[in-house]
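**Student:**
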Amino acid sequence: MLVNFTFIGIMAPVFTIFNPDFSINVEKIPSYANYLLDSGIHGVLIGATSGEGTSLSVQERKNITEAWANAVKSTHQHLMVQVGGAPFPDVLELARHAESMGADSILTMPELYFKPKKTQELINYLKFISAAAPRTPLLYYHNPGHTSVNIDMAEMLEMASGQIPNLKGIKYTSNDLAGGYAALQAVNGRYTVFIGGDYLIEPAFALGFDSAIATSMNVLPRYSIEMLQSVKESNLEKAKSLQQNLTRFVDTLKKYGKYNVSPNFATEEVTLKKQNIIKYKACLIKPTVVS
17 MLVNFTFIGI MAPVFTIFNP DFSINVEKIP SYANYLLDSG IHGVLIGATS GEGTSLSVQE
77 RKNITEAWAN AVKSTHQHLM VQVGGAPFPD VLELARHAES MGADSILTMP ELYFKPKKTQ
137 ELINYLKFIS AAAPRTPLLY YHNPGHTSVN IDMAEMLEMA SGQIPNLKGI KYTSNDLAGG
197 YAALQAVNGR YTVFIGGDYL IEPAFALGFD SAIATSMNVL PRYSIEMLQS VKESNLEKAK
257 SLQQNLTRFV DTLKKYGKYN VSPNFATEEV TLKKQNIIKY KACLIKPTVV S
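If you're matching positions, the sequence shown starts at 17 in my numbering and goes up one per residue.
#1: H92 by DSSP, collapsed to three states: which one?
#2: So for H58, helix, strand or coil by DSSP?
#3: Rounded to a whole number of angstroms, what is the C-alpha to C-alpha distance between L244 and R238?
#4: Please confirm if the segment 189–207 is in contact with the segment 26–42, defined as three or more CB-CB distances below 8 Å between the two stretches.
#5: I need the straight-line Cα distance from I294 to I33, nearest angstrom please.
#6: Is it right to say D214 is buried, meaning 16 or more other beta carbons lie within 10 angstroms of its own, or is it exposed?
#7: My output table needs one value for F144: the three-state DSSP class, helix, strand or coil.
#8: Taking the Cβ atom as the reference point for each residue, do E82 and M125 lie within a distance shorter than 9 Å?
#9: In its own chain, which residues sit with a C-beta less than 7 Å from the C-beta of G101, not counting the 5 before and 5 after it?
#10: Could you tell me the boundaries of the beta strand (DSSP E) in which M27 lies?
#11: Report yes if the CB atom of T91 is closer than 9 Å to the CB atom of A49, and no otherwise.
#12: Which residues bound the beta strand (DSSP E) around I122?
#13: For A298, is the classification buried or exposed, using 16 other Cβ atoms within 10 angstroms of its Cβ as the cut-off for buried?
#14: Are the beta-carbon atoms of F210 and I180 separated by less than 9 Å?
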């Protein structure tokens with residue numbers, strides 16, 4: 017079965033919006049989708065690190081997928097659903113559900129307890145997810161800082177190329193930019209590699225990456241959009257200046273809040289509250305992730 021993945025560019029890993037009682041607020045998702053579209057964002061990733069997917073129940077994750085699937089019918093944004101970070105039967109169930117809802121692509125973390133230590137072990141895991149949603153492009157979420165799974169991505173893509181037909185790329189969240197570049201070149205550049213992480217967007221674009229997913233794209237999407245355009249126009253000085261400004265912003269945000277847990281107060285008040293997406297003022301995160 018031929019499965020195509022055509023998305024290129026900037027994708028926002030969206031936050032999960034909570035009510036004051038920590039239940040999921042899906043009513044604001046259409047406003048959120050339109051805000052991102054108006055900001056130039058044509059793709060959204062749900063249930064990943066910024067969206068706290070691993071802190072949600074299966075039903076909550078399904079409800080969010082259904083709400084976003086409905087929202088993007090009018091915005092025509094690419095919908096990527098992260099299904100990993102749950103017991104294995106639930107991962108497969110979430111993959112099947114994402115495909116049934118018409119998700120444009122699926123992203124998955126590795127197994128988080130019985131972690132794969134060899135490349136083929138990871139590939140075997142991905143095969144099961146591929147089989148659960150065979151008509152949907154599959155991408156792997158490489159984030160060793162959170163998962164402690166640090167398998168060589170170039171080797172994985174080379175080995176998987178003949179084993180998983182609908183594997184189309186990876187989200188590469190690591191400071192090892194050389195490893196990301198090697199993955200980008202694997203199998204003659206067949207696979208899409210999204211650079212993840214706010215600090216490496218400009219260097220990655222300068223190396224030849226053309227796609228990125230990072231939390232700041234919810235807050236200051238224009239920085240990344242203009243960075244990519246500046247590199248395409250060979251205006252590296254402008255791209256570097258944009259990266260420096262973005263880095264200062266992220267550093268300031270981290271100083272006053274947990275940037276990798278959302279919605280944190282700084283992001284909420286600076287941007288989402290202004291857009292009338294979130295109306296309450298609090299650092300609303302799942303209690304299970306607060307020490």
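By construction, the Cβ of each residue, glycine as well, lies at the ideal position given by its N, Cα and C atoms.
**Tutor:** Walking through what the data contain:
#1: coil
#2: coil
#3: 10 Å
#4: no
#5: At I294 the pLDDT is 43, less than 50, meaning the model places this residue with poor confidence; the figure from the coordinates comes in the next sentence. Whole-angstrom Cα-Cα distance: 8 Å.
#6: buried
#7: helix
#8: no
#9: G69, T70, M125 and L128
#10: I26 to P29
#11: yes
#12: S121 to T124
#13: Since pLDDT at A298 reaches only 34, below the 50 mark, its modelled position is unreliable, and the value read off the structure follows with that caveat. Exposed is the call here.
#14: no
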